[in-house]
Amino acid sequence: MGIRRNTTKVTRMTLYAASQYLSTAARDELGLRIPFDVYLQDPYVNKNDPKFGFDKDFYVNWEPGIADGPTSARFAVVDYNADTETIIPMAVWDEEKESFLAPNKTILDRKNCDLPQFHQVNVWAVLQRALTFFEEGSGLGRRIPFGFEGNRLIVLPHAGYGKNAYYDRKSKSLQFYYFDQEDTRIYTCLSTDIINHEFGHAVLDGIRPYFYESTLVQTGAFHEFIGDLTAILIILRNNNFRGKIAVDTKGDITAASHLTSIAEEFGQAVEGKPYLRTALNKLTMADITVSDGPHKVSQVLTGAMFDIITELTKHYITKQKHSVKQAFFYAVDRMQRTAIQPLDLLPPVDVTFRDYALAVLRAEELSNPTDPHNYYEMMLKIFVKRKILNKEDQKKLMEPRYIYDEPDLDVFHDIGNISRSRATAYRFLDDNRDKLFIPANQDVIVADLYDANKFSHGASRLPRQIIVEYIWREDVALIGNKYGEFEGQNTSMLCGGTLVFDDKGNILSWFRKPGSVGGKGKKWEAENATGKLRLTDFMNDLAIRIQTGEIGAVLGSGKGMVGALVPPVTVSKQDGILKFELSPHLNLNEEDHKHYKGGKQWQVSS
Numbered sequence: 004m005g006i007r008r009n010t011t012k013v014t015r016m017t018l019y020a021a022s023q024y025l026s027t028a029a030r031d032e033l034g035l036r037i038p039f040d041v042y043l044q045d046p047y048v049n050k051n052d053p054k055f056g057f058d059k060d061f062y063v064n065w066e067p068g069i070a071d072g073p074t075s076a077r078f079a080v081v082d083y084n085a086d087t088e089t090i091i092p093m094a095v096w097d098e099e100k101e102s103f104l105a106p107n108k109t110i111l112d113r114k115n116c117d118l119p120q121f122h123q124v125n126v127w128a129v130l131q132r133a134l135t136f137f138e139e140g141s142g143l144g145r146r147i148p149f150g151f152e153g154n155r156l157i158v159l160p161h162a163g164y165g166k167n168a169y170y171d172r173k174s175k176s177l178q179f180y181y182f183d184q185e186d187t188r189i190y191t192c193l194s195t196d197i198i199n200h201e202f203g204h205a206v207l208d209g210i211r212p213y214f215y216e217s218t219l220v221q222t223g224a225f226h227e228f229i230g231d232l233t234a235i236l237i238i239l240r241n242n243n244f245r246g247k248i249a250v251d252t253k254g255d256i257t258a259a260s261h262l263t264s265i266a267e268e269f270g271q272a273v274e275g276k277p278y279l280r281t282a283l284n285k286l287t288m289a290d291i292t293v294s295d296g297p298h299k300v301s302q303v304l305t306g307a308m309f310d311i312i313t314e315l316t317k318h319y320i321t322k323q324k325h326s327v328k329q330a331f332f333y334a335v336d337r338m339q340r341t342a343i344q345p346l347d348l349l350p351p352v353d354v355t356f357r358d359y360a361l362a363v364l365r366a367e368e369l370s371n372p373t374d375p376h377n378y379y380e381m382m383l384k385i386f387v388k389r390k391i392l393n394k395e396d397q398k399k400l401m402e403p404r405y406i407y408d409e410p411d412l413d414v415f416h417d418i419g420n421i422s423r424s425r426a427t428a429y430r431f432l433d434d435n436r437d438k439l440f441i442p443a444n445q446d447v448i449v450a451d452l453y454d455a456n457k458f459s460h461g462a463s464r465l466p467r468q469i470i471v472e473y474i475w476r477e478d479v480a481l482i483g484n485k486y487g488e489f490e491g492q493n494t495s496m497l498c499g500g501t502l503v504f505d506d507k508g509n510i511l512s513w514f515r516k517p518g519s520v521g522g523k524g525k526k527w528e529a530e531n532a533t534g535k536l537r538l539t540d541f542m543n544d545l546a547i548r549i550q551t552g553e554i555g556a557v558l559g560s561g562k563g564m565v566g567a568l569v570p571p572v573t574v575s576k577q578d579g580i581l582k583f584e585l586s587p588h589l590n591l592n593e594e595d596h597k598h599y600k601g602g603k604q605w606q607v608s609s
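Numbering (our numbering), first residue to last: 4 to 609.
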């Protein structure tokens, strides 16, 4: 496997260090990618449609730290079962064979897919590929952090019995469960859709950790959207999969049920339908009610982005005269950039679907300013049709404008200094508080500082981006009986913004979430008005959550891995201030969306 036998260890390490500059074909030839057997989707799909069974062309980037577990730089598989309180023997890495071995020394591949060690390798390999998807130039163009202290995500393939799979920040883990359906045992760690969905949660939590501190349904729904979109885009990146659906659908991507349906095996077993959720829907924001949970709400945005994939595919077939297979390739290649790169533009707190739509459009302007094929207008129309944006937005966004529309700063700082450290970025923010609409009395925090090297069409490099995220907390008193047991206590509303610079110091993007108490003068009027609307929405949403019993404390189990009671929003007190957060268990379906005060126990089940 690979060409390692023809290279010395030193040579291979040198090639590894330069691998980002090598093509996929070159990395294959030089042994810098290792083949593995993994399920293309899940065992249910494999059984019912074998051509969508195992991935025949699945590779993981080689790295020097691969070890037993499997273990790598960013993942550590620990096969602990909380129900049986046992640790299953780990897959063993054989450096000479470049394969993981079972306890009986056989190579772990599709021939022994029933072994728990194959499950370990399957989930690890899928995660390795998903990490590459987010970090490569067509994605975020940078190394991504996790939303906890440390750099390795712990992966439990057989965490216990139950209809579960979730990301949990507090235990730094992805936990996958198993359950029985008639005479079949379902393992969530064998579903590529589920693995990619849960990893999408971990990625979003890593790049925007303050999204957790939101009670807004749309923020929770955005987490679910990213999970589902990750599953769709990664499976569509697979060459064999695209070739098969090209033949099966004859170019109508909406007919590709294996693509539009999320987690088929799980959905069939749990809900009796051939998917858990589907991207093929007509939902708009007008169809959403205050009682809808994040999973249903997420389908509006998932559907909108799938509409964009559909339109791109049609364009490549009808306008650019590509074959169906080529059209699918170009569509997903472009869609990765369209959907993932804008994540760096998002505000650091309280993200909404509107924020994401505007970020997608702004990223499109920056990477494709001439837009010869009118992609920008096509995307805008879809967001308006889904009622994520409105007609007034459409009119304004179609008006001609300069590519850079920078604020008039009080004090200019060299971009090299701004990018050097959080301390120097803070001085830039503090020196320009009035022009950046940061209240003078607020202790602003630089939440994150990083740079990114993204690709545009044909792997051409975009200008380096330097991103500064900043936040502050606005104190809020909970006055009135609508706040129930929390009446008379204090909490805080997160405010802040994300500034994106190019390497010349031009401001490429500025998304912000103002507070309700700002500065004085005419230029502050619109900012203060937006902040007051934010505060009203924050208070109303919190009151509804309290009244419907969706807020509570997390109670841990005796075994420590799984809380017995997990409400959709948790509450804790820090320094006398109530802190409301999304559930630590970001899972797969709406099974947990039940009223706590209605006599039903919160479930962590997916």
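Glycine included, each C-beta is placed from N, C-alpha and C at the ideal position.
Looking at the DSSP output, serine 575 bridges to Lys582.
Boundaries of the beta strand (DSSP E) harbouring isoleucine 157: 156 to 159, taken from the DSSP string. Contact between the stretch 183 to 200 and the stretch 226 to 239 is present, with at least three C-beta pairs closer than 8 Å. Taking 8 Å as the upper bound for CB-CB distance, asparagine 64 and glutamine 131 are in contact here, some 7 Å apart. With fewer than 16 neighbouring CB atoms inside 10 Å of its own CB, leucine 536 falls in the exposed class. DSSP places phenylalanine 151 in the coil class of the three-state scheme, outside both helix and strand. The continuous stretches of alpha helix (DSSP H) do not include glutamine 468, which lies in the beta strand (DSSP E) extending over residues 468 to 480.
Around the beta carbon of glutamate 472, a 10 Å sphere encloses 16 or more other beta carbons of the protein chains shown; the residue is thus reported as buried. In terms of Cβ geometry, alanine 342 and leucine 232 form a close pair [threshold 8 Å]. Beyond the five residues adjoining it in sequence on each side, aspartate 112 comes within less than 6 Å, by CB distance, of Asp40 in the same chain, given in chain order.
The alpha-carbon separation between tyrosine 215 and asparagine 167 amounts to approximately 20 Å.
C-alpha of leucine 156 to C-alpha of phenylalanine 61: approximately 22 Å in a straight line. Taking threonine 287 as the centre and dropping the five residues before and after it, the same chain places the C-beta of Arg389, Lys390 closer than 6 Å to its C-beta, in chain order. Every beta strand (DSSP E) of 3 residues or more that sits fully in the stretch 15 to 73 is shown, in chain order, as 36 to 38, 62 to 64. Glutamine 184 sits in a strand when the DSSP states are folded into three classes. Two segments are said to touch when three or more pairs of C-beta atoms, one from each, lie closer than 8 Å; by this definition the stretch 123 to 141 touches the stretch 149 to 164. The alpha-carbon of glutamate 98 is positioned some 13 Å away from that of leucine 35. For aspartate 208, the enclosing alpha helix (DSSP H) stretches over residues 195 to 210. Following the DSSP letters along the chain, one finds valine 80 inside the beta strand (DSSP E) bounded by residues 78 to 80. Apart from the 5 residues on each side of it in sequence, alanine 366 sits with its Cβ closer than 7 Å to the Cβ of Gln344, Pro345, Leu348 in its chain, given in chain order. In the DSSP assignment, phenylalanine 332 falls within the alpha helix (DSSP H) that extends over 327 to 343. For arginine 145, the number of other beta carbons within 10 angstroms of its own is at least 16, and it is reported as buried. Cβ atoms of glycine 223 and leucine 545 stay farther apart than 8 Å, at about 14 Å. Per DSSP, asparagine 531 is one residue of the alpha helix (DSSP H) stretching across 525 to 550. Of the other Cβ atoms in all chains shown, fewer than 16 fall within 10 Å of the Cβ of arginine 423; this residue is therefore exposed. Within the DSSP secondary-structure output, alanine 94 pairs in a beta bridge with Gly72. Within its own chain, the residues whose Cβ lies closer than 6 Å to the Cβ of glycine 150, once the five positions on either side in sequence are excluded, are Arg172, Asp208, Gly209, Pro212, listed in chain order.
Ranked by how close their Cα comes to the Cα of leucine 412, the residues Gly508, Leu538, Pro119 have Gly508 in first place. Close CB contacts of alanine 334 within its chain, under the 7 Å cut and outside five residues either way in sequence, are with Ile312, Leu315, Thr316, Tyr319 (chain order).
When the alpha-carbon of valine 354 is set against those of Asn393, Leu304, Asn154, Met381, the nearest one is in Leu304. For the 8 Å CB-CB criterion, asparagine 154 and arginine 77 form a contact. Our two residues, phenylalanine 137 and threonine 252, have alpha carbons roughly 28 Å apart in a direct line. In terms of Cβ geometry, alanine 428 and valine 449 form a close pair [threshold 8 Å].
Comparing C-alpha distances from phenylalanine 356 to each of Gln445, Glu139, Ile385, Gln329 shows the shortest one belongs to Ile385.
Contact check between the stretch 491 to 500 and the stretch 510 to 520: three or more CB pairs, one atom from each, fall below 8 Å, which counts as touching. Spatial neighbours of asparagine 484 in its own chain (CB-CB distance under 8 Å, excluding positions within 5 residues in sequence) are listed in chain order as Glu490.
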